[in-house]
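Worksheet: one structure, shown below.
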Amino acid sequence: MSHSISNAVRRKDAVAKASGTTEYLSDQFLHSPYHAKCFYSTVSRGKIISRSLPDLPEDYYIIGADHVPGTNSLHMIIDDWPVFADKEVRYLGQIIYLVIGPDKEKVLELHSRIKIEYQELDPCYSLEDSASLLGGVQHGEDNVFTRYDIHHGNVEDAFAGTVKILENEYYTGYQEHVYMEPQSMFAFWENDSFVLHASAQCPFYIRKSLVGALGMEPEKVRIIQTATGGAFGGKEHFPDVLAGPLAVAVYHIRQPVKLVLDRKEDLAYTIKRHPSSISIRTAVDGDGTILAHDINLRLDGGAFASCSAVVLARAVFTVSNVYNVPNVRICGRVFCTNKVPSDAFRGFGAPQAVFAMESHMNYLAYELGVDPLAFRQPYLLKQGDATITEGKVHEKVLLPEMTERALEMSGYKEKYERYKNIPGKGIGFSYFLHGCGFTGNGERDLIKARIYLKKDEQDHVFIYASNVEMGQGLSTTFCKVASKALDIPFDQVDFVGPDTAIVPDSGPTVASRSISVVGYLVQKAAERLKEEWVPGEQQMITQDYSPPEGLVEWDQEALKGDAYPAYSWGVNIVEVEVDPLTCEVDTKGIWGVYDVGVPIDRQIVEGQIIGGMVQALGYSHLEKLENRDGRFKQATMADYMIPTSMDFPSTEKDILDNPFEYGAFGAKGAGEMVFDGAAPAFGAAVSQAVDAIIDEVPVLPETLMELTDEGQ
Amino acid sequence: MKDNKIEFTVNGGKKVYDGDPLRRLLDVLREDLELPGAKEGCGEGECGACSVLLDGKLVNSCVVAMGTIGGKDVLTVEGLKETEQGKCIIEAYADAGAVQCGFCTPGMVMASEAILRENPEPDEQTIRKGLSGNLCRCTGYDQIVDAVKLASERGKGLW
Amino acid sequence: MVNFYCPETLEEALSVRSDHGAVPLAGGTDLMVRFENWSSLPAGIPGPVMSVGQLEELKYIREEDGQLCIGAALPLNQVLEDQRIPRSLAAALDEIAAPSLRNLATLAGNIQNASPAADSVPPLLIMDARVRLLSSAGSRTVDMGDFITGPGKTVLKEDEIIESVRIPMDFVNKEAAGILSYRKVGTRKANALSKLSVCFWAETEKGVLKDIRLALGAVAATVVRLKEACARPAPLRRSACRRDGPSCR
Ligand SMILES: Cc1cc2nc3c(=O)[nH]c(=O)nc-3n(C[C@H](O)[C@H](O)[C@H](O)COP(=O)(O)OP(=O)(O)OC[C@H]3O[C@@H](n4cnc5c(N)ncnc54)[C@H](O)[C@@H]3O)c2cc1C
Ligand code: FES
Ligand code: FES
Chain F
10 MSHSISNAVR RKDAVAKASG TTEYLSDQFL HSPYHAKCFY STVSRGKIIS
60 RSLPDLPEDY YIIGADHVPG TNSLHMIIDD WPVFADKEVR YLGQIIYLVI
110 GPDKEKVLEL HSRIKIEYQE LDPCYSLEDS ASLLGGVQHG EDNVFTRYDI
160 HHGNVEDAFA GTVKILENEY YTGYQEHVYM EPQSMFAFWE NDSFVLHASA
210 QCPFYIRKSL VGALGMEPEK VRIIQTATGG AFGGKEHFPD VLAGPLAVAV
260 YHIRQPVKLV LDRKEDLAYT IKRHPSSISI RTAVDGDGTI LAHDINLRLD
310 GGAFASCSAV VLARAVFTVS NVYNVPNVRI CGRVFCTNKV PSDAFRGFGA
360 PQAVFAMESH MNYLAYELGV DPLAFRQPYL LKQGDATITE GKVHEKVLLP
410 EMTERALEMS GYKEKYERYK NIPGKGIGFS YFLHGCGFTG NGERDLIKAR
460 IYLKKDEQDH VFIYASNVEM GQGLSTTFCK VASKALDIPF DQVDFVGPDT
510 AIVPDSGPTV ASRSISVVGY LVQKAAERLK EEWVPGEQQM ITQDYSPPEG
560 LVEWDQEALK GDAYPAYSWG VNIVEVEVDP LTCEVDTKGI WGVYDVGVPI
610 DRQIVEGQII GGMVQALGYS HLEKLENRDG RFKQATMADY MIPTSMDFPS
660 TEKDILDNPF EYGAFGAKGA GEMVFDGAAP AFGAAVSQAV DAIIDEVPVL
710 PETLMELTDE GQ
Chain R
538 MKDNKIEFTV NGGKKVYDGD PLRRLLDVLR EDLELPGAKE GCGEGECGAC
588 SVLLDGKLVN SCVVAMGTIG GKDVLTVEGL KETEQGKCII EAYADAGAVQ
638 CGFCTPGMVM ASEAILRENP EPDEQTIRKG LSGNLCRCTG YDQIVDAVKL
688 ASERGKGLW
Chain U
268 MVNFYCPETL EEALSVRSDH GAVPLAGGTD LMVRFENWSS LPAGIPGPVM
318 SVGQLEELKY IREEDGQLCI GAALPLNQVL EDQRIPRSLA AALDEIAAPS
368 LRNLATLAGN IQNASPAADS VPPLLIMDAR VRLLSSAGSR TVDMGDFITG
418 PGKTVLKEDE IIESVRIPMD FVNKEAAGIL SYRKVGTRKA NALSKLSVCF
468 WAETEKGVLK DIRLALGAVA ATVVRLKEAC ARPAPLRRSA CRRDGPSCR
């Protein structure tokens, strides 16, 4: 069944963007009276023992920890990340000063004359360094930012009666967002308020992080989102880290200042996707049936916590993936190291977890000598099944239909058989799921989303929410939802760009929650407005979040209940050819079948699918990002390689309908889930092509060469 | 000889520049001429967000020194969007769903114009090759390729 | 502000070069990137600079003295599109960066940059190309193999400029009759620096490979031509060229 809301409309922002008239931050503030340059720590871990600053000419400033009017910390989930490094530095790239002035050349000259002397301490670069408390503890008592334990069923008993134990460990690397627009902001003082324009995902997060540092009331801190040139999680919390120093500077000098990172700075010093190391021990009985998984999931959090706890939560709740296994134990931890902090990135822990479990399922099938696809079937989750957090799968699960469709589109079965006899060719498969919205009771207890609909005298309707348009099409899909519910033309509805002084807090633009959770509020508000509609009059509707009914109550202490109200589901198939000489991997085919509830706009969802797929295939084998002694080796975009138009063939895709009762017109999330499945499908394909287990991404030609050498 | 006055045209209009010859064309377009359609995505010739046409050829304006463009003709997206060809490409981008965050898009539109000028009916491979210096992190490119095809179909006779 | 010169003629350019030691700036794809500054500030190229891209006398391709001469200021795309140039060179140039960059970058810039990964160098080496250098004092022609002396180092003198790159017509004429293979390995399929490049060419005579020429890029401090490895004629076996990737034949 196809829903009329899925029919594509022309995006509200498309023509202006394509014509170059949309103003991103640097366009809106082409000229600025003052420019800021960050001064970064050059060591990974150390005490600052002396500082030498140049004499400042009039109108030039060097702003640091001493200038912070409130507390020297940015409030994210915890308060560990200082606005400016003060007595110690925890990673290479931590901001110590902001150098500010009207003339860029002069700013650079002053910048080059700052001298910091450090007493260096032993830095932790690996999970093992961190666990062994190398150089002394840095966070809590054990360097673990967050630990989550889950125990579903009884793993000990299951292992006790086991015929076979199969164990393997899976690694995923760093990934850099490379949003095409680097981090950008512009701030000034107006009356008695601080005003910040920023390329950002979460204006209210920025405000929250600043009020303590500035010692000001939230109402006096105004954040306005500018057109955002890509974000992918990279502009979720990191803008706080730049906004903090900038706010302190503007607080003192009361002048407008622009802070835009160069691409090189952005690559070197902004947050990345968490590297992971996930080991899975599996108990199997005599028939080859999986009895239990015992999972040790570790993430490298970098120097400060940021939102690692939330990333960990999603990784832990996702790692059992689409399978119903009766006994599962998970120990999940994020460790503190002395590297650039890891943070949100599309998928938010799920891609790492899905890669591990899907690769592990292939490994089990291989060890048991069975077909990997057939092996998975008995475990696929079904409606009514329990989840590992003792919640429930409430929705109908379409995985069988999706599998069939994907097999048919790709010719998987025939190719899989044929490639067994053709070295260098392979085809791989993956299943995945992605919970919609915040984890657990986050939506109800933490976010408490609120939106407004306002109608003017011309009967034009405006949507007020704090979720941002960052390319994913929200300004279009929100308007589609409202216009459909109101039964008025699409052009009669507009989305108001987020500005904390104007819009209510409907929460951050993360976790695939915007359409499924906030879009639903837009629909409910629009339905109310329709009932109360008085032509030619100003009207306003306020809509607050209320949780879906029938959920298993979430207990945050015990981590029990429904971790998510609903899931989006996917199947990916990737076909590759590996060059026998160079071990370069050529992707020959890409297929994806998805359940996103109801797509609010088919074309937009397809754009998410293709974009997520290509980004994830980059993660799978092109985007090598190595940290050596606290510094990323790939310093420019010539070194860190994101996919070009030539790297992958077109993605063939299909979307099945499966309306979600509490999503806008049946919608579930789509933006992140589309990233989750490519790496394991790619790994499986390469695995068949080279006849070796792939347990790590990115899959590099160098690694494959070693593997094939070993094999020979 | 050593003459620091540089005359060139931008979108058909004559310009004279007498600043530092080692400034980048990108900065002069944006800051001096207030034409912010070309964006800075990398500043190192990698991403193509700064693409413009220089004497009809696609170039990365972030690596072009002002001192080297005397007598040359620059076309930016601000100029292109006023032409029939430009309108056709922009509409095709909008209809094909080729625009997401949009930061790469003006550069992509310039690259599309360059592709179509060279070959009004390009096949998929020609299009992908023509776009290979323009990075997009959002779309995965398929819909951009579709947009160029669509522009080529709709704009028969324009190039 | 550095002194910047924009000479109109080659003669003028040579005197600017000898009088002021000005650094030639062609496409700028190396220089402008290497000396990239904070946006809106001029590139930080030290010392005087001289634009050479406008010199019409350096924008030509013609046959001269039994050589195919490629003028120093011609952008790579124009070289690439010329039907007369050897296909080994075309294959290599076609994989340098992306179209937009190739509209700026020049062959002279690529060889003077002397990167071990400079993609034009392997084919130029196997075809025994030569580099013509000019100064106010005169001209000299250097073998490609002698021109590059180390990473980023060439024999170019302070007062010289590269006038052209010259390929023996002998090679140009017989290239098509031989077996040619060019292969570039980068991290991705386009717009990537070489991790390895191989340029191979050989004549065949009655099933035997003779005059085997092989050069490798990005494997050592400079591009290397493997002369010893090619010293003996080799019987042509099927397996020898089974996996030679996108062959240019
Ligand atoms: C994004 C990007 C991708 C790239 N990809 C590749 C690639 O895939 N393969 C590859 O090989 N290269 C690549 N390069 C490098 C570069 O494009 C080439 O080396 C280019 O050919 C240099 O030419 P140019 O005219 O731009 O040189 P310029 O930057 O103008 O000059 C380079 C050097 O040559 C000197 N020079 C220039 N002309 C003359 C002359 N007539 N006489 C004497 N000296 C002269 C200059 O003084 C300078 O030292 C890439 C560069 C970038 C920015
Ligand atoms: S900004 Fe010029 S290529 Fe990226
Ligand atoms: S649309 Fe965002 S980078 Fe292309």
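Residue numbers (this note's numbering), protein chains in the order written: chain F, 10 to 721; chain R, 538 to 696; chain U, 268 to 516.
No residue lacks a Cβ here, since even glycine has one placed at the ideal position from N, Cα and C.
Quick caveat, the model's predicted, so the values are computed rather than measured.
Excluding the 5 residues flanking it on each side, residue 444 of chain U has same chain C-beta neighbours closer than 8 Å at 470, in chain order. Contact of residue 459 of chain U with chain F by beta-carbon distance below 7 Å involves 650.
Residues of the stretch 371-390 of chain U with a C-beta atom less than 7 Å from some C-beta of chain R are 371, listed in chain order. Within the DSSP bridge table, the entry for residue 290 of chain U names U/316 as partners. For chain F, the residues of the stretch 559-583 of chain R that bring a beta carbon within less than 9 Å of one of its beta carbons are 567, 568, 571, 572, 573, 574, 575, 576, 577, 578, 579, 580, 581, 582, 583, in chain order. In the assembly as shown, residue 333 of chain U is an exposed residue. Its beta-carbon has fewer than 16 other beta-carbons within 10 Å.
With respect to chain U, the C-beta atom of residue 271 of chain F has a partner C-beta closer than 9 Å. Checking the 8 Å criterion, the Cβ of residue 386 of chain U is within range of a heavy atom belonging to ligand 1. For the stretch 115-128 of chain F, residues whose beta-carbon sits nearer than 9 Å to a beta-carbon of chain U comprise 116, 117. Chain-order list of chain U residues neighbouring residue 591 of chain F: 452, by C-beta distance under 7 Å. Contacts with chain R at 9 Å (Cβ-Cβ) include residue 316 of chain U.
Placement of the Cβ of residue 370 of chain U at a distance of 8 Å or more from every heavy atom of ligand 1 is found.
Residue 353 of chain F and residue 318 of chain F have their C-alpha atoms roughly 10 Å apart. Taking C-alpha positions only, residue 284 of chain U is separated from residue 435 of chain U by approximately 29 Å. Judged by the Cβ position, residue 202 of chain F fails to qualify as a neighbour of ligand 1 at the 8 Å threshold, every heavy atom of the ligand being at least this far.
When secondary structure is reduced to three states using DSSP, residue 268 of chain F falls in the strand class. Proximity of residue 591 of chain R to chain F, defined by a Cβ-Cβ separation below 9 Å, is not satisfied.
When C-alpha distances from residue 161 of chain F are compared across F/696, F/409, F/396, F/473, the shortest belongs to F/396. Against chain F, a Cβ distance below 7 Å from residue 630 of chain R picks out 23, 27.
Within the stretch 431-508 of chain U, the complete alpha helix (DSSP H) runs of at least 4 residues fall at 436-441.
Of all residues in the stretch 441-465 of chain F, none places a beta-carbon less than 8 Å from a beta-carbon of chain R.
Residue 125 of chain F and residue 507 of chain F have their alpha carbons spaced roughly 40 Å apart. For residue 447 of chain U, no chain R residue has a C-beta closer than 9 Å to its own C-beta; the minimum C-beta separation is roughly 21 Å. Contact residues of the stretch 623-653 of chain R toward chain F are 627, 630, 631, 632, 634, 636, 637, 638, 639, 640, 641, 642, 643, 646 (C-beta to C-beta distance below 7 Å). Between residue 428 of chain F and the set F/415, F/693, F/312, F/605, the nearest pair of CA atoms involves F/693. Not a single CB atom of chain R sits nearer than 9 Å to the CB of residue 434 of chain U. Residue 294 of chain F has no beta-bridge partner at all, per DSSP.
Taking a Cβ-Cβ threshold of 9 Å, the residues of chain U close to residue 601 of chain R are 294, 295, 299, 371, in chain order. Within its own chain, the residues whose Cβ lies closer than 6 Å to the Cβ of residue 130 of chain F, once the five positions on either side in sequence are excluded, are 54, 55, 144, listed in chain order. Bridge partners of residue 636 of chain F according to DSSP: F/641. Here the residues close to ligand 2, judged by CB distance below 6 Å to any of its heavy atoms, are R/577, R/578, R/579, R/580, R/582, R/583, R/584, R/585, R/586, R/587, R/597, R/599 in chain order. Taking the Cβ atoms as the reference, residue 134 of chain F lies roughly 7 Å from residue 347 of chain F, within the contact range of under 8 Å. At a Cβ-Cβ threshold of 9 Å, residue 410 of chain U and residue 395 of chain U count as neighbours. By the Cβ test, the stretch 477-489 of chain F is in contact with the stretch 612-630 of chain F, since at least three Cβ pairs between them sit closer than 8 Å.
Taking a cut-off of 8 Å for Cβ pairs, the stretch 149-166 of chain F and the stretch 179-196 of chain F do not touch, as fewer than three such pairs fall below it. Among the bridge pairs identified by DSSP, residue 328 of chain U is matched with U/337.
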